Every structure is written in C-alpha cells, then in structure tokens.
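*Asks:* What follows is a structure written as structure tokens; I'll ask about it next.
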Amino acid sequence: MARMVQCVKLGREAEGLEKPPLKGELGKRIFDNVSKEAWRMWLEHSKMLINEYRLDLISEAGQRIWMTELDKYFFTGGNEAAQLPPDYVAPKDKPE
C-alpha cells in the first residue's frame with residue numbers, strides 16, 4: 029500500500045514519496061509534506077528555473093538559489109511564493 033501524505037502543494041491527500049529526495053531536515057520536511065505528483069511538478073518547474081536563470085548547481089550560489097526557490101515553491105505563500113522569472117516566455121506547442 030502506498031504511503032499517503034497531506035500534500036502542501038496540492039492541498040489534498042496524495043501518494044507520498046518513497047524516500048526523502050534530499051538529505052537533512054529539508055529532505056525530511058519534503059518527505060513528510062509533499063506528494064509524488066507535487067515533487068514531479070517541482071522538477072519541471074526547477075528545470076525551467078535552471079534554464080532561465082542559467083543556474084550552475086555545482087556552485088554554492090546556484091545551489092542556494094535552487095534551494096530558496098524550492099522552499100518558496102512548497103512552503104512559502106503570499107508575495108514570497110514561487111513565481112516565474114520576469115522574462116520567461118512559455119514554449120509554444122510544436123505543430124504535429
């Protein structure tokens with residue numbers, strides 16, 4: 029049987045992650061409060077942030093920005109909540 033969590037992003041009970049996605053206290057917090065579906069949504073959002081901000085996740089500065097955005101995405105509301113980069117333009121669907 030799948031482990032269920034009350035997902036902070038989706039606002040409902042959903043299937044939880046199988047293990048903490050990160051080490052430390054933040055990883056445990058995500059494991060306890062974020063669903064698989066919301067984590068996949070974050071990974072897609074994260075890819076966009078990495079590309080738009082040209083984040084170097086090997087650098088300490090890049091990691092700090094990524095972690096700050098992760099915290100905003102799941103745990104911060106109001107004016108401080110995660111937002112799209114100011115110059116972001118959504119890709120157009122490719123014609124078939």
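Per my numbering, residue 29 is the first one in the sequence shown, and the count goes up by one each step.
Just so it is clear, CB atoms sit at the ideal spot from N, CA and C, and this is done for glycine as well.
Keep in mind it's a predicted model, so treat the numbers as computed, not measured.
1. Count the other CB atoms, across all protein chains shown, that sit within 10 Å of the CB of serine 87; report buried if there are 16 or more and exposed otherwise.
2. Mapping DSSP to helix, strand and coil, what is arginine 82?
3. Under the three-state reduction of DSSP, which class applies to glycine 39: helix, strand or coil?
4. Going straight from the alpha carbon of arginine 82 to that of glycine 90, what length do you get?
5. With a threshold of 7 Å on Cβ separation, who are the neighbours of tryptophan 67 within its own chain once the five nearest residues in sequence on each side are excluded?
6. Check each candidate in Ile78, Gly39, Met32 and name the one with the smallest Cα separation from phenylalanine 103.
7. Under DSSP, the alpha helix (DSSP H) around alanine 132 begins and ends at which residues?
*Replies:* This is what the structure gives:
1. On the sequence shown, residue 87 is found 59 positions in, with the first residue counted as 1. Exposed, because fewer than 16 other Cβ atoms sit within 10 Å of the Cβ of serine 87.
2. Working through the sequence shown from its first residue, we reach residue 82 at position 54. Looking at arginine 82 - three-state DSSP - the assignment turns out to be coil, as it is neither helix nor strand.
3. For the purposes of this step, residue 39 is taken as the residue at position 11 of the sequence shown. DSSP places glycine 39 in coil when its eight states are reduced to three.
4. Position 54 of the sequence shown, counted from the start, is the residue given in the question as residue 82. Position 62 of the sequence shown, counted from the start, is the residue given in the question as residue 90. Looking at the two C-alpha atoms, the distance is approximately 9 Å.
5. To locate residue 67, count along the sequence shown from 1; it is residue 39. So the list reads Leu45, Pro49, once near-sequence residues are dropped.
6. By 1-based counting over the sequence shown, the position of residue 103 is 75. Per the Cα distances, Gly39.
7. As shown, the chain starts at 29 and ends at 124. That puts residue 132 outside it, with no answer to give.
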